[in-house]
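Residue 0 is where the first sequence starts when you use our numbering, and the numbers rise one by one after that.
C-beta: ideal position from N, C-alpha, C; glycine also.
Just so it is clear, the structure is predicted and the values come from calculations on it, not from any experiment.
See below for the structure under consideration.
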Amino acid sequence: MEKETEEKWQEKWAESKIFEPSTDPDKEKFFITVPWPYVNGSLHVGHGRTYTLADIIARYKRSEGYNVLFPMAFHQSGTPILAFSQRLRMGDPSTIKLYRDYILQYESEEKVEERLKSFEEPKNIADYFSKAVISDFRSLGYSIDWTRIFTSADQEYQEFVRWQFEKLNSLGLIKKGSYPVLYSKVDDNAVGEDDIKDGDTDKVSIEEFTGVIFKGNAFSLIAASLRPETIFGITNIWIGKELDYVVCRFSGNSYVVTKESFQKLKLQIHDAELIREVPNSEILAQEYEVPETGKKVRALETTFVDPDNGTGVVYSVPGHSIWDYVALDPEERENIPRIIEMPKNQNMNVEGLVKKLQIQSVNDREKLLEATQILYKDEFYNGFMNNECGQFAGMSVNEAREKIKETLLSEGKAIKFLETSRKAETRSGSKVVVAVLQDQWFIDYSPDWLKKKAHDLVNSMYYYPEYYRAAMNDAVDWLRERPCARRRGLGTRLPFDDRWIIESLSDSTIYPAVYTCIQELKNIYAELGKIPDDVTEYIFSSGDEKLLASYSEAVAENCNNARKHFTYWYGVDIRLTAYPHLSNHLSFYVMNHAALFKEPFLPKGLIISGLVVSNGAKISKSKGNVISLMTISNHYSADIYRLYVAIQADIQSTLDWNENDLRTIIKKYDSLRELFARIDLNKNVNPSYIDLWFLARFNRRMEDFRKNMGGFNIRAAYVSIFYEVLNDIRRLEARGGDMNTSMKYIIREWLVALSAAIPHVCEELWHEHVEDSFVSSATLTSTARNALNELFSSMKGELEKIFPAELISSIEGNHEKITDLLLSSEEYISGIENDIREIIRATGISPKGIDVAVPDDSIIQASRHLINNERDSLMPEQKRMIPEFMKVRKNISFHEFDEYSLLSNNSEYLGKVFSATVKVKKTGPVMKGKNPWPGRPLIRLE
RNA sequence: GCGGAGGUAGCAGAGCUAGGUCAAAUGCGACAGACUCAAGAUCUGUUUCCGAAGGGAUACGCCGGUUCAAAUCCGGCCCUCCGCACCA
Numbered sequence: 000m001e002k003e004t005e006e007k008w009q010e011k012w013a014e015s016k017i018f019e020p021s022t023d024p025d026k027e028k029f030f031i032t033v034p035w036p037y038v039n040g041s042l043h044v045g046h047g048r049t050y051t052l053a054d055i056i057a058r059y060k061r062s063e064g065y066n067v068l069f070p071m072a073f074h075q076s077g078t079p080i081l082a083f084s085q086r087l088r089m090g091d092p093s094t095i096k097l098y099r100d101y102i103l104q105y106e107s108e109e110k111v112e113e114r115l116k117s118f119e120e121p122k123n124i125a126d127y128f129s130k131a132v133i134s135d136f137r138s139l140g141y142s143i144d145w146t147r148i149f150t151s152a153d154q155e156y157q158e159f160v161r162w163q164f165e166k167l168n169s170l171g172l173i174k175k176g177s178y179p180v181l182y183s184k185v186d187d188n189a190v191g192e193d194d195i196k197d198g199d200t201d202k203v204s205i206e207e208f209t210g211v212i213f214k215g216n217a218f219s220l221i222a223a224s225l226r227p228e229t230i231f232g233i234t235n236i237w238i239g240k241e242l243d244y245v246v247c248r249f250s251g252n253s254y255v256v257t258k259e260s261f262q263k264l265k266l267q268i269h270d271a272e273l274i275r276e277v278p279n280s281e282i283l284a285q286e287y288e289v290p291e292t293g294k295k296v297r298a299l300e301t302t303f304v305d306p307d308n309g310t311g312v313v314y315s316v317p318g319h320s321i322w323d324y325v326a327l328d329p330e331e332r333e334n335i336p337r338i339i340e341m342p343k344n345q346n347m348n349v350e351g352l353v354k355k356l357q358i359q360s361v362n363d364r365e366k367l368l369e370a371t372q373i374l375y376k377d378e379f380y381n382g383f384m385n386n387e388c389g390q391f392a393g394m395s396v397n398e399a400r401e402k403i404k405e406t407l408l409s410e411g412k413a414i415k416f417l418e419t420s421r422k423a424e425t426r427s428g429s430k431v432v433v434a435v436l437q438d439q440w441f442i443d444y445s446p447d448w449l450k451k452k453a454h455d456l457v458n459s460m461y462y463y464p465e466y467y468r469a470a471m472n473d474a475v476d477w478l479r480e481r482p483c484a485r486r487r488g489l490g491t492r493l494p495f496d497d498r499w500i501i502e503s504l505s506d507s508t509i510y511p512a513v514y515t516c517i518q519e520l521k522n523i524y525a526e527l528g529k530i531p532d533d534v535t536e537y538i539f540s541s542g543d544e545k546l547l548a549s550y551s552e553a554v555a556e557n558c559n560n561a562r563k564h565f566t567y568w569y570g571v572d573i574r575l576t577a578y579p580h581l582s583n584h585l586s587f588y589v590m591n592h593a594a595l596f597k598e599p600f601l602p603k604g605l606i607i608s609g610l611v612v613s614n615g616a617k618i619s620k621s622k623g624n625v626i627s628l629m630t631i632s633n634h635y636s637a638d639i640y641r642l643y644v645a646i647q648a649d650i651q652s653t654l655d656w657n658e659n660d661l662r663t664i665i666k667k668y669d670s671l672r673e674l675f676a677r678i679d680l681n682k683n684v685n686p687s688y689i690d691l692w693f694l695a696r697f698n699r700r701m702e703d704f705r706k707n708m709g710g711f712n713i714r715a716a717y718v719s720i721f722y723e724v725l726n727d728i729r730r731l732e733a734r735g736g737d738m739n740t741s742m743k744y745i746i747r748e749w750l751v752a753l754s755a756a757i758p759h760v761c762e763e764l765w766h767e768h769v770e771d772s773f774v775s776s777a778t779l780t781s782t783a784r785n786a787l788n789e790l791f792s793s794m795k796g797e798l799e800k801i802f803p804a805e806l807i808s809s810i811e812g813n814h815e816k817i818t819d820l821l822l823s824s825e826e827y828i829s830g831i832e833n834d835i836r837e838i839i840r841a842t843g844i845s846p847k848g849i850d851v852a853v854p855d856d857s858i859i860q861a862s863r864h865l866i867n868n869e870r871d872s873l874m875p876e877q878k879r880m881i882p883e884f885m886k887v888r889k890n891i892s893f894h895e896f897d898e899y900s901l902l903s904n905n906s907e908y909l910g911k912v913f914s915a916t917v918k919v920k921k922t923g924p925v926m927k928g929k930n931p932w933p934g935r936p937l938i939r940l941e
């Protein structure tokens, strides 16, 4: 559809305020939310999916008569925006390019520089892209209540978050302590998943290495290992040929690690000091003692040591490490020490894997990684320590690893060394490392009472798909202490320690409550210059009027209104988002609600969607498959995108955005528009049997649609109401019906049903064909069903030619029975059609005439006896039918309608389909040859 | 390893909770026909194999079981994906 038309309706919806619901206790409410976007750039097709799904649901619920609230707001907290802004100030070329591209989506080349300049102030980035998202979302026709918009940087909101943290603190959930965190040294700040490049798709976690100390005379070496149990198989220690090593000092001893590693060590062991650089020759000059075994080993040089992974010192266990094994010369590979046995699979060992994967040298990185992964995993789960391993002999690797680690640490023969699970950098490009922070604030999610409440909540909620309930329960169990504040970034200051800013996921857990009364909060803030805890407590928690005693009448009135809105709208009925949010945002959402709210204000349900990929690949800049939302509404249309989202994949599946499937959707969409282009509701055609069938069919489609939408099976719902109704219309017309006859009865319901997914075109058609109101605020009715009943009654005379009169009068007014009759009779016709077709195909005959013989009363009678096993009631000559009956019995079916009348009335149609004369007759039993049976007429081609 | 999801026709993807109406929706692709000068679009049909009569055979990862009857229920096995704890 043309952009102008879509914009026209978007403007009219805005003017008419139909998506700005007010509190109305007489109406049942439905409150749906999607997590707010973090606005450091423009959004792409992937981001649009969840909002589109939510909008379809919101619109559908409106059509079912609910008072629907679908708000949104913007997340501006955290460090990325700050960091981007800083990099722009510093003139970083890749950041400039990134933002130039963003800006060019919305503005002309001349404006870019000015805009970029303004982005040197972080808030401007947030505000600019918030506006951009609003414009993108408006152009997709979302039925969002834009009057409730706010951002996490707004004063009113920060007052609310402050209250939330005071409240958590009073519940004993805020703690302070030293804590390992992912950290950026450049930004001098802890980083969260949202700050890390690809952090949402490729998670970074903290791994605890055992830094094994190898004692030497002048200094000791520290080698960080995830497999401390392998110390029993050590042959030597590797250091990198070209790397820079340093001597550092802590706890009264001297240690050697790489320069890079020392930087990281310093963040974990705060009193570590750098002494001097040390040449490799010096390291190679002395011997080292392996802890536990006491074995003396030398350090050797190699090329595969990564200075930035662990300590840059690696101990070599060729018997159980692929890299170490491959680094040896072939002749040295004999007689290497073995310390792990694999009773289940003797062939699972280093040599086997090297041979199997054909690893040639330490340069076969991919293969080495793969082999390492296989070996480590298998040894861990299936291996046992052998007799070389002293007191640990006989233990499973799993168990030994833990015991050895404990022993080493307690004896001072190792230190804990924390490392990131993969190399990572922040969105602004600085390196992510592990730091142990002192005085870190965190939310303690571990108390039993909280876990219990959270589990109760999780178990009481609705899930789509249901299997995420288990995942949510797991997430609740996993959560322990969550660092909740940072030293810098945008956001709210921690109320009890204003050097800290509340971390960006922790400030966004119960914010949907703010949607319910943001206007009142603004009023109160304007009046008082703050929002005191009394007030917030009154509105969102106790509702105790005594709290308002000291405030002016104006403030009190706002409080009362806010409370009224809050109690009407809250809790959120559906929160819809993609599954990567499950283990972070959604679990915090649940936890914080469980801690701070009671029924009926707790969350009611979650819908969790799959991801979006583009042309089969993960959406990413480097793959060049990023399609911005802006492009969508400009190049295709909002409706087409929405239809694609609705119909291309189930909510829980991955949605692939690609041109091929898009073309299909566009074709279908166009055929809908073509259909409406040729309808003429004023045309008066007398309805016939087939028009009634179509109405019946439509009613069933409509029932399916509502049933499916009710269970959030959006795809199935739209396959039914869109694809299949179009197919039904094709069938109707092929059968000689005129869709105009039925269209006037179905158009209201059909357009309302379709409008949840494709509101713009439906709005246009509604105004053109129905009336001058909004389809977007129309509710689903039963016009088609009523029409079916009425037409059925008024066409009695006509229908008596097809169906028995007594049948007609017995089901009159009962739309279910009428529907069943019409569907089954038409199914009968198309069954006959298929039979004839199959006979033609099997025989290769092109018939000039087709005889269809239906059974007469005597056969029907006999068939009943046969089916009921009443052979004694059969006439003697009918008994001859028994052998044939045994063969065809499963094809026999008795119909309410009269087969002869039905077929006679449709013989003309059948004749047309096969270009032959179709004759219908009734026959009695024959002596030789085949008989017609109920539901199974005899077909003969000529 | 634990937990979760899943393996369906050329592809995508329903069905499985309540076993029969399932050779199995819907869409795509392919093939044939109609329309057209032609192509595209559209429409009609076909798309596991066999069949000169509407039928038959084999089929929903593999193997077994329950049942008159299994894509659907039960047991075992194989494989894939996702998440995760001292998993790399």
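Beta-carbon separation (whole angstroms), residue i vs residue j, contact threshold 8 Å
i    : j    : result
S138 : S632 : 4 Å
V534 : C558 : 6 Å
I339 : N385 : 7 Å
Q262 : T491 : With a Cβ gap of about 32 Å, Q262 and T491 do not count as contacting.
T956 : A82  : Residue 956 falls outside the range modelled here, since the chain spans only 0 to 941, and no answer is possible.
T310 : F231 : Not really, about 20 Å apart at Cβ, beyond 8 Å.
P924 : V851 : 17 Å between Cβ atoms; not a contact.
I650 : Y463 : 7 Å
DSSP-derived helix/strand/coil call for residue i
i    : result
K878 : helix
D455 : helix
W12  : helix
F136 : helix
I650 : coil
K529 : coil
P854 : strand
D126 : helix
Q359 : coil
W440 : strand
Same chain, Cβ closer than 6 Å to residue i, five either side skipped, listed in chain order
i    : result
Q439 : Y178, P482
A715 : N707
P758 : G140, S775
Y640 : I631
T32  : P511, V571, R574
D690 : G736, T740, S741
I607 : Y467, Y578
Residues near residue i in its chain [Cβ-Cβ closer than 8 Å; skip 5 each side]
i    : result
L327 : P317, I335
V457 : R468, M471, N472, V475, V589
Proximity test, residue i beta-carbon vs the ligand SAH heavy atom, cut-off 7 Å
i    : result
K258 : Only the bare structure without any ligand can be found here, which leaves the ligand SAH out of the picture.
Nonlocal neighbours in the same chain, by C-beta distance under 7 Å from residue i, ignoring five residues either side
i    : result
F128 : V38, N39, G40, S41
A189 : V180, L181, Y182, L436, P482, R485
(request) Flag this pair as touching only if the region 99-109 and the region 61-74 have three or more C-beta atom pairs under 8 Å; answer yes or no. (result) no
(message) At 4 residues or longer, what runs of the alpha helix (DSSP H) sit wholly inside the region 660-746?
(response) 688-709, 713-717, 724-733
(request) Output the residue ranges of the alpha helix (DSSP H) runs that lie fully inside the region 752-800 and measure 4 residues or longer, sorted by chain position. (result) 758-768, 782-793, 795-798
(request) Answer yes if the region 907-920 comes into contact with the region 846-854, meaning at least three C-beta pairs across the two stretches below 8 Å, and no otherwise. (result) yes
(message) Give the list of continuous alpha helix (DSSP H) stretches no shorter than 4 residues that lie fully inside the region 283-319.
(response) none
(request) Taking only runs that begin and end inside the region 450-520, name each unbroken beta strand (DSSP E) of 3 or more residues, in chain order. (result) 461-463, 480-482
(message) For a minimum of 4 consecutive residues, which ranges assigned as the alpha helix (DSSP H) are wholly contained in the region 879-937?
(response) 881-887, 898-913
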